Amino acid sequence: MPNPSSPGLRSKRPLTGGVWPPLDPTDWLPGLTGTPWRTGHPMDYDSGGLHSTKAKGNLSSRSSLWRFVIDPQPNFNNVSSLQEDSNASPQDNLVLNRTLNAENASQSAEGGVSGRLTSGPYPYIINEPDKCPEGEAPPFLVLLIATEARQVEARDAIRQTWGNESVTPGIGIARLFLLGANEGQLGHLQQKMLEAESLRHHDIIQQDFLDAYNNLTVKTLMGMNWVALHCRRASYVMKTDSDMFVNTEYLIHKLLRPLLKKRDFFTGNNMRGFAPNRNENSKWYMSQELYPSDKYPTFCSGTGYVFSGDLAGKVYRASLSIQHLHLEDVYVGICLARLGLEPVPPPNEFLFNHWRVSYSSCKYSHLITSHGFHPSELIKYWNHLQINKHHACINSLKEKMGRLHQGRAQ
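660 is the number that our numbering gives to position 375 of the sequence shown; each next residue is one higher, with no gaps.
As structure tokens, this is what we get:
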């Protein structure tokens, strides 16, 4: 996940095309210095600052929570419309609609929600327009991974593990790392290294906006727009972060392939009924001026969500008429609400975890995401899982029984 302490937030180009100027991070992340890998604090960079580290950390160690994780049977209903939200009063929906239609939300010259898409307000520095060739079968899954130029080790670890495009034989996967630009002498050096990395791997897209935490919304929309322009026949898309563990095989074989719904589908760790944080000292402060409604639409944690390929263009088009907010996952939920859509819960609530789940091959063979991994940890646990995945829970039970027997013998 991008580091909130990234310096500076001004755009390298004027913000146009419905893009709302990002806020200064010191206004809503006071005193935060942060480090790129916070494995000891798995919830520090949670999507909305809505759950404590301790609470979720304790949850991850309770084995009883995993009883129902094994082989979930997908059972998705149609995506709910905004009007069908039984928890939202008519007044809530009225205020939300006013928010969505705020006077300062500008319509883009790109044609609003129905015009022809362009690459957006920022020029590409690095692009991979031929990643999904028209004459070939489209990928089943596109991975959009938010990262920063300095996170070379993380990108290499992902390429070796869950982001390997050949990880699931017979299933097409396209991997893309999403980046903005950096300034100064260090930024110039990082750019040269990034361009060399791009020539080796052809899995990086970068536009000319400042790469900073508060521009994560811009970065995510860049990825969605890229899918709509260059890979529109992809079946599904996953947006995630560079410090995540993703069980790509389980995502594909247990969640997506059995799924009948191929359009207007969006799922992840659902955040339903959450209110904006009005505490000016909070990391996730949201002013009444920026977001006047007292309730967010249902959204999914930005650490990892999955959607049908058709939604990439729809969400991007919706964003052209909605002022941008600095909370990327909340903003995507607002775009879905503008479309009259709502994320559906996954078949099991512990598939998408926006906290660090304590590792065991049994748990990790039956989840989709876990948060807060250093690259070396990612490689270590991924390799262990590949060796044990077909009998992971049996081995785990044997280990527990062995420890129990040893304890009794003593």
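C-beta atoms are modelled at their ideal positions from N, C-alpha and C, and glycine is treated no differently.
Just so we're clear, the structure is a prediction, and the values are computed from it rather than from any experiment.
- Runs of the alpha helix (DSSP H) lying entirely within the segment 392 to 449 and spanning at least 4 residues, in chain order: 437 to 445.
- Take His487, set aside five residues on each side of it, and the residues of its chain with a beta-carbon closer than 8 Å to its own are Glu413, Lys416, in chain order.
- For Arg557, same chain residues with a beta-carbon under 7 Å away, outside a window of 5 residues either side, are Thr583 in chain order.
- Membership of Met507 in the alpha helix (DSSP H) is indicated by the continuous run 501 to 515.
- For Val600, the enclosing alpha helix (DSSP H) begins and ends at 595 to 604.
- In this structure, Ala497 is the residue among Ser520, Ala497, Asp549, Glu634 with its C-alpha nearest to the C-alpha of His611.
- One thing to note: Phe462 has its Cβ within 8 Å of the Cβ of Ile489.
- Classified as exposed, Lys547 has fewer than 16 neighbouring CB atoms from the shown chains inside 10 Å of its CB.
- Under a 10 Å Cβ-count criterion, Gln491 is classified as buried, with 16 or more other Cβ atoms of the shown protein chains found around its own Cβ.
- By the criterion of a C-beta distance shorter than 6 Å, Pro408 is surrounded in its chain by Asp493, once the five residues flanking it on both sides are discounted.
- Here the segment 441 to 458 lies against the segment 419 to 429, with 3 or more beta-carbon pairs under 8 Å apart.
- Within 10 angstroms of the beta-carbon of Glu627 lie 16 or more other beta-carbons, which makes it buried.
- A direct Cα-Cα distance of roughly 15 Å separates Leu544 from Asp595.
- Annotation: the segment 618 to 649 contains the following complete segments of the alpha helix (DSSP H) (minimum length 4 residues), in chain order: 646 to 649.
- Checking the DSSP bridge columns, you'll see His656 partnered with Met529.
- Spatial neighbours of Glu450 in its own chain (CB-CB distance under 6 Å, excluding positions within 5 residues in sequence) are listed in chain order as Ile458, Arg460.
- Look at Met571 here: in three-state DSSP terms it is coil, with no helix or strand label.
- Note that the C-beta distance between Asn555 and Pro632 is not below 8 Å.
- Look at Ser661 here: in three-state DSSP terms it is helix.
- Residue Ser520 holds the alpha-carbon nearest to the alpha-carbon of Phe550 among Gln476, Ser520, Ala481, Asn673.
- Collapsing the DSSP output to three states places Asp488 in coil.
- If the five residues before and after Ser650 are omitted, its C-beta is found closer than 6 Å to the C-beta atoms of Lys674, Ala677, all from its own chain and listed in chain order.
- Scanning Arg518, Arg444, Asn638, Asp526 for the CA closest to the CA of Glu433 turns up Asp526.
- For Arg440, the closest C-alpha among the options Gly420, Thr453, Leu464 is that of Leu464.
- Put simply, of Val522, Met478, His473, Leu495 the residue whose alpha carbon is nearest the alpha carbon of Gly598 is Val522.
- Rounded to the nearest angstrom, the gap between the Cα atoms of Leu484 and Arg563 is 45 Å.
- If you draw a straight line from the Cα of Trp447 to the Cα of Leu429, it comes to about 12 Å.
- For Leu463, the uninterrupted beta strand (DSSP E) run begins and ends at 458 to 466, by DSSP.
- Our two residues, Ile619 and Tyr581, have alpha carbons roughly 7 Å apart in a direct line.
- Pairing Ser404 with Leu514 gives a Cβ-Cβ distance under 8 Å.
- Look at Val615 here: in three-state DSSP terms it is helix.
- Lys524 is positioned such that its CB atom lies closer than 8 Å to that of Tyr590.
- Cβ contact annotation for Arg518 (same chain, cutoff 8 Å, sequence separation greater than five): Cys417, Pro423, Gly594, in chain order.
- In this structure His659 is not in contact with His639, their Cβ atoms being roughly 17 Å apart against a cut-off of 8 Å.
- In the same chain as Glu534, and ignoring 5 residues on each side of it, the C-beta atoms closer than 7 Å to its own belong to Val452, Thr453, in chain order.
- DSSP places Gly553 in the uninterrupted beta strand (DSSP E) bounded by 551 to 556.
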